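In order, the protein sequence lines correspond to chains B, A, V and U. In case it helps, the working numbering puts the first sequence at residues 1 to 402. In case it helps, the working numbering puts the second sequence at residues 403 to 804. In case it helps, the working numbering puts the third sequence at residues 805 to 1206. In case it helps, the working numbering puts the fourth sequence at residues 1207 to 1608.
Number of protein chains: 4
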Amino acid sequence: MGQPEQRDEAGDGSPPLGVGMVGYAFMGAAHSQGWRTVGRVFDLPRRPVLAAVCGRDGAAVRAMADRHGWAAAETDWRALIERDDVDLVDICTPGDSHAEIALAALAAGKHVLCEKPLANTVEEAEAMAGAAEAARARGQVAMVGFNYRRVPAAALARSMVAEGRLGELRHVRVAYLQDWLTDPEFPLTWRLRKEAAGSGALGDLGAHIVDLAQYVAGERLAGVSALTETFVRERPLPEGASSGLSGAGGAGRGAVTVDDAALFTGRFTTGALASFEATRYATGRKNALRIELNGARGSLSFDLERLNELWYHDGTEPDTHAGFRRILVTEPDHPYLAAWWPPGHGLGYEHTFVHQARDLVHAVAEGTQPLPSFADGLQVQRVLAAVEESAAKNSVFTSVAV
Amino acid sequence: MGQPEQRDEAGDGSPPLGVGMVGYAFMGAAHSQGWRTVGRVFDLPRRPVLAAVCGRDGAAVRAMADRHGWAAAETDWRALIERDDVDLVDICTPGDSHAEIALAALAAGKHVLCEKPLANTVEEAEAMAGAAEAARARGQVAMVGFNYRRVPAAALARSMVAEGRLGELRHVRVAYLQDWLTDPEFPLTWRLRKEAAGSGALGDLGAHIVDLAQYVAGERLAGVSALTETFVRERPLPEGASSGLSGAGGAGRGAVTVDDAALFTGRFTTGALASFEATRYATGRKNALRIELNGARGSLSFDLERLNELWYHDGTEPDTHAGFRRILVTEPDHPYLAAWWPPGHGLGYEHTFVHQARDLVHAVAEGTQPLPSFADGLQVQRVLAAVEESAAKNSVFTSVAV
Amino acid sequence: MGQPEQRDEAGDGSPPLGVGMVGYAFMGAAHSQGWRTVGRVFDLPRRPVLAAVCGRDGAAVRAMADRHGWAAAETDWRALIERDDVDLVDICTPGDSHAEIALAALAAGKHVLCEKPLANTVEEAEAMAGAAEAARARGQVAMVGFNYRRVPAAALARSMVAEGRLGELRHVRVAYLQDWLTDPEFPLTWRLRKEAAGSGALGDLGAHIVDLAQYVAGERLAGVSALTETFVRERPLPEGASSGLSGAGGAGRGAVTVDDAALFTGRFTTGALASFEATRYATGRKNALRIELNGARGSLSFDLERLNELWYHDGTEPDTHAGFRRILVTEPDHPYLAAWWPPGHGLGYEHTFVHQARDLVHAVAEGTQPLPSFADGLQVQRVLAAVEESAAKNSVFTSVAV
Amino acid sequence: MGQPEQRDEAGDGSPPLGVGMVGYAFMGAAHSQGWRTVGRVFDLPRRPVLAAVCGRDGAAVRAMADRHGWAAAETDWRALIERDDVDLVDICTPGDSHAEIALAALAAGKHVLCEKPLANTVEEAEAMAGAAEAARARGQVAMVGFNYRRVPAAALARSMVAEGRLGELRHVRVAYLQDWLTDPEFPLTWRLRKEAAGSGALGDLGAHIVDLAQYVAGERLAGVSALTETFVRERPLPEGASSGLSGAGGAGRGAVTVDDAALFTGRFTTGALASFEATRYATGRKNALRIELNGARGSLSFDLERLNELWYHDGTEPDTHAGFRRILVTEPDHPYLAAWWPPGHGLGYEHTFVHQARDLVHAVAEGTQPLPSFADGLQVQRVLAAVEESAAKNSVFTSVAV
């Protein structure tokens, strides 16, 4: 047997916070790292305990629990929700099960952290946002896992925009470029099937950049005009794939039923223009989430491939000495950084999950609304729906539902 | 009196090529530098001679001629066209006079170089392309001044795409970002008035990136979906501005009648997706013409602010050692470079005009069609028209006329 | 009480590896993160257990143990060494106590990990290397904590050099630039006093770059020529500082007795030239450990401020397409990366300690010599001694003792 | 016959300035471009005229004169000096003839521009500086062609240091990295023979960085400690090489008699530390002249491979928003830029020669001392001599003669 985290009282008598996680793949590992580390680094009002993890394959979930330090393993998410030692349900499954699990967890009185995108449809997201609002009245909190808000550079960007350093916003350009589908023989995993993933690059990458752009800008999109494309329409079935995917392609191939790439332009409610691109075909770009904002007084630029850096142009300086400066976001007065290492000692991808856990624990303990809320997640979903509607209607400008 | 260039025979008996230039502001200075330098650096079949320059203000054009080494100065472009010592007419005026001058020059049997955009309307551009085609049969050549094709890195990019190094093209993303209109008190110059400039960022910057994207990709746009915006709708009249601009704004202010920014997405005829952004409001970006192409086998990336560099990712290499590489485009086997300095000794903006002159002189001497042709310029104009039409129709996807 | 790690058997019956750590400041926190995380991420032959941590201040070390998950806290390092549940002693104290603790731990039959620099003098380092060699015969292992060898990009660089990708080495240039002493009012901490730290930038930063340069190059320095300097010779005493530092400067100031910066050039035994710079006065450089190697066939370049990137120039490619490429060192086949996140999801500073723990656990379990050994640490110490000797003798070229 | 520049009066009656150039290879072409262009771009008190160029091969120099617009060609530099239409002698030959030509030109009452390094020995340089000083009293001016002072970014750096933006200087690190000798089959040209070139990388590249470092820092080196190396000691003789090179290597190979690389550290008179590296073996680095200065209040960084950029860190800003900023040195208020293109439209290598010509013409017309003077060139020569002496004496710290 492995090394479970103990359920102990914190020194100050505040109760621990039992976490139950559903799903245990990539996101599960990242969330585990976050929950396991957060109390070692930050001062927390309640100490999270890795109470139980849930997956369908009993042996696999048991091994995962041992590896990552979860005290118990479950194979039925309903059982996990019922556990007394679970105060918060962390949903790391594909999008098609988010709504059902989240609604049940909220109904059972649990706090909820739900991976993005909030749901595969606006309808599901509406139900979830409604349930979260109702639960809020009962003291429960719910949050969507747009973890990139917790990159220190992104949080710093948000605070600089909020301080007015950019002035009136003119342009927001955002792209999320990956390249793992460049190879046409990459198999048809669940992320390429609409029934599981809802959409392709749009929901996976596009959801991130819609949320991040609106978060940093502090403004919402009024409408969008969109193109989507599926470059490779048929791919080999993955080994051990369930039957019945389709008869298409003869033996061993199936249809890709989601978008490979989504491009859209938009207008913020304040009049700023935005451009978005989400793709899995940008050869050589591995995880290039890039955002640039141009305002009347300044600009900011960020690239997730260099996540410890924020580039800032102060447009109020004399031209002679002005220029985009590289802020190394590792100073003690940068968001989250006081708890970490000395200046210049950078953080990595997984730290976003530590920070997410930190903020969520505070919200639970203090009874505040953690952000992004399910309502925020619903709004992102409405943007994605407007993108899909526009793409289906010859790119005509389509308002985002309010 | 200044130092005019002599009209002499080249050593091999080939006649010189008399150049007459209309317009003498920013573009006039840049073209002068090109014509004056090209024969000093490149081996040419005919040596260009700076025969005459034309502008409306006699004293100013005379001073400009002295400064830049033009043998004669004219104040009437029709007189310039009639000169026997002018073999080629170089049109550097605002877009509203391109058609009239070019048509007259072609009719007078002259070769023509016309600054971009080719014209302010598709109709004018059609007339010009038709006239150029007719003149071609008489041995005359005509070319549009999309000078960025002559940045060595851009020419290298084109050749690498043509060699198949990128494979099937998936994405082309292009932006031309400047910031000189960020200040709302910047005056209402001719570039901000539709009757002179035709359009704003679209025709000025957008024309460049449409041409460059299609040139490097070696493909044409099938259609576009567009947004345009004018952020600052009224500006102070420039000192000494002509009357009649508008009564708007009372004393000293007038309406901006062109776009400040244009965003559009598009599809190439081969199915690749494209995104474009042209703006004069990207605070801190001075001349950031950026293009990135992603293909199934590789990617290329370029930024005019670092014009001696081309970034290349070879997607066929093993992941272990693959990455975007910075090609310093200063090697003798790079386009145009054998005539210049040793490796690492970079070129600048104005060299594009030297290279443009070189290629045009060769075309004249050898009787070949210089590129981009007026037909190419017309096609760019049709793309811009589709952009404007889409923007006027709620961004609906609009085919480019063929 | 906090949440100690359990001392459990691994599933395969192999015994856990009890770690006892001495020192609990910056390095203690980083090592804790490493020990706590390594078994969650990597498959290990033995699972490390955070058995006990030691520090002089009982309350502080107890709090640190609770925070970081150490099962027990000690205030006497001799007691820690004696504990049965401690198999490996991890020394994170200042350099003046390394020798005494390491010698005692080795004598007590424990494995040892010792922070760099190995010691404050060559004599101490010789004793430690001798003791480690003797202990090796008894099945114990000892390793020096030059953690930057465990940056994946550095490990990749080493393997590329070993594969011959650089050919005969010509140049190695290394710098470690920080700026935390730029402010003359920064207090006189132990790192600025020779009796505690041994030397200043030289031992702190210079030791890292000497080790890294020799590791990546796969060659050793034959001799050096050096300059050192102390720019600010007197600083305020830190609050609560021990008395008797010096009477200099009247109340509250004391003499800086170490170097602020060290510059040295050198020759590798193979004839390659090297340049080194270590400073705490490079305003704006926070943690810029930079290394570049130039060989007859290629070059490599790295900067710790962008630790997920390795730049590689393949000199055997045709000039037309050659250039320094940015390898994003996040691919599954890069060192240590298979255990982490998908491509493009970068790691941070602390991961070096996870990797160090991984390699050390393997060495312990498999009975192999972990690198860098104490003998390697001694050799670095000899280089530093040659630097100091050269600096004291007018920079005369000084051979490194063998 | 070609197109000579006319010897005309300027409009204001000031006489033209006849330039006679000795040498017509790489530097000759670059200087021609400078002289030919300067009057087209800048307002000058006297207009330079390309009067005559001199080289030993009559046909070649005649062709060069035609190509570059020199009115006359000479094959004897003494004849060139005697010409009445030559007011200023521009010396572009290898270093071994600088002294003789410059002394004769000064004796003949001519102004002199001499390429760097000023001479091959300190003795020659002393004679030249003495002659220049004497000529100065007669109204003649003399200048050394350290053209990199005329990169706008370098001139801006100098002015920022002079304004006190860096505060007390701590570090200056400079390198000039090229790679054209990486191939051991590169032939034994004059630059690799001591009798012609004086030294190798040291005099060619090292001279540049010594001058630039002292210029930007505004301080002089007190002493140095140096290593030099010749990696490839024998190379193929170039085709058509003169006999008597040496009997070494049998048929077709000769000994390299200069350094391939030089590394040195130094101290400025004010106490700042400096490191220098000059090499032709830095594979992949084509023309990487890099300089970084760290002061108590700020830092500057520059790389000639990106010559339109200057990086500046303002150390007085709050850490939260501080960072190295990229100043695009293309603004009208940047040195030399008002005469060129709009912001963001970069310059190239050859523009340094235009700027050099501009400053020299002003000095001639206004009777001021152009910088760097021959005395400055002599001082650089003394630094190089100290480097060679230190390298010959086991790197011992060697004072620079005053």
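The C-beta atom is built at its ideal place from N, Cα and C for all residues, glycine as well. All of these numbers come straight from a predicted model, not from anything done at the bench.
Can you have a look at residue i and say buried or exposed, based on whether 16 or more other CB atoms are within 10 angstroms of its CB?
i, result
"residue 352(B)", "buried"
"residue 228(B)", "buried"
"residue 1578(U)", "buried"
"residue 732(A)", "buried"
"residue 318(B)", "exposed"
"residue 1603(U)", "buried"
"residue 368(B)", "exposed"
"residue 138(B)", "exposed"
"residue 14(B)", "exposed"
"residue 363(A)", "In the structure as shown, chain A starts at 403 and stops at 804, and residue 363(A) therefore has no counterpart that could be examined."
Kindly indicate which three-state DSSP category residue i falls into: helix, strand or coil?
i, result
"residue 1248(U)", "coil"
"residue 727(A)", "strand"
"residue 1315(U)", "coil"
"residue 401(B)", "coil"
"residue 820(V)", "coil"
"residue 309(B)", "strand"
"residue 1558(U)", "helix"
Might you give, ordered along the chain, the residues of its own chain that have their beta carbon closer than 6 Å to the beta carbon of residue i, omitting 5 neighbours on each side?
i, result
"residue 241(B)", "Here residue 241(B) scores only 47 on pLDDT, less than 50, and its place in the model is too uncertain to base an answer on."
"residue 175(B)", "277, 290"
"residue 1519(U)", "1504, 1505, 1530"
"residue 292(B)", "173, 301"
"residue 8(B)", "Reliability of the predicted coordinates at residue 8(B) is poor, the pLDDT of 43 falling under 50, and no value is obtained from them."
"residue 1243(U)", "1560"
Sorted by chain position, which residues of the same chain lie with C-beta nearer than 8 Å to residue i's C-beta, five sequence neighbours on each side aside?
i, result
"residue 237(B)", "187, 188, 245, 252, 253, 254"
"residue 1199(V)", "1029, 1030, 1031"
Is residue i near the ligand SAM, in the sense that its beta carbon is under 6 Å from a heavy atom of that ligand?
i, result
"residue 639(A)", "The ligand content of the structure shown is nil, which means the ligand SAM is not present either."
Got a sec? Which residues, its chain only, sit under 7 Å from residue i by beta carbon, not counting five neighbours each side?
i, result
"residue 1360(U)", "1354, 1418, 1422, 1508"
"residue 1211(V)", "Look at the range of chain V in this structure, 805 to 1206, and you will see that residue 1211(V) is not part of it."
"residue 793(A)", "628, 629, 630"
"residue 1312(U)", "1318, 1337, 1338, 1341, 1346, 1348"
Assuming residue i and residue j form a contact by the criterion Cβ under 8 Å, report the distance between their Cβ atoms to the nearest whole angstrom.
i, j, result
"residue 181(B)", "residue 232(B)", "7 Å"
"residue 573(A)", "residue 674(A)", "6 Å"
"residue 688(A)", "residue 1550(U)", "3 Å"
"residue 948(V)", "residue 1180(V)", "6 Å"
field: Members of the stretch 1128-1140 of chain V that neighbour chain B once the beta carbon cut-off is set at 7 Å
entry: 1132, 1134
Residues of the stretch 1506-1519 of chain U whose Cβ lies closer than 7 Å to any Cβ of chain A, in chain order: Listed in sequence order: 1511, 1512, 1513.
- prompt: Given a limit of 8 Å on CB to CB distance, which residues of the stretch 862-879 of chain V reach chain B?
  reply: 870, 871, 872, 873
query: Which of the residues in the stretch 598-624 of chain A, read from start to end, lie with their CB under 8 Å from any CB of chain U?
result: none
Contacting positions in the stretch 1490-1505 of chain U - beta carbon closer than 9 Å to chain V: 1490, 1491, 1498, 1500, 1501, 1502, 1503, 1504, 1505
- request: Compile a chain-ordered list of the residues in the stretch 93-114 of chain B whose CB is closer than 8 Å to at least one CB of chain A.
  value: none
- prompt: What are the residues of the stretch 565-586 of chain A that lie near chain B, defined by any Cβ-Cβ distance shorter than 7 Å?
  reply: 572, 573, 575, 584
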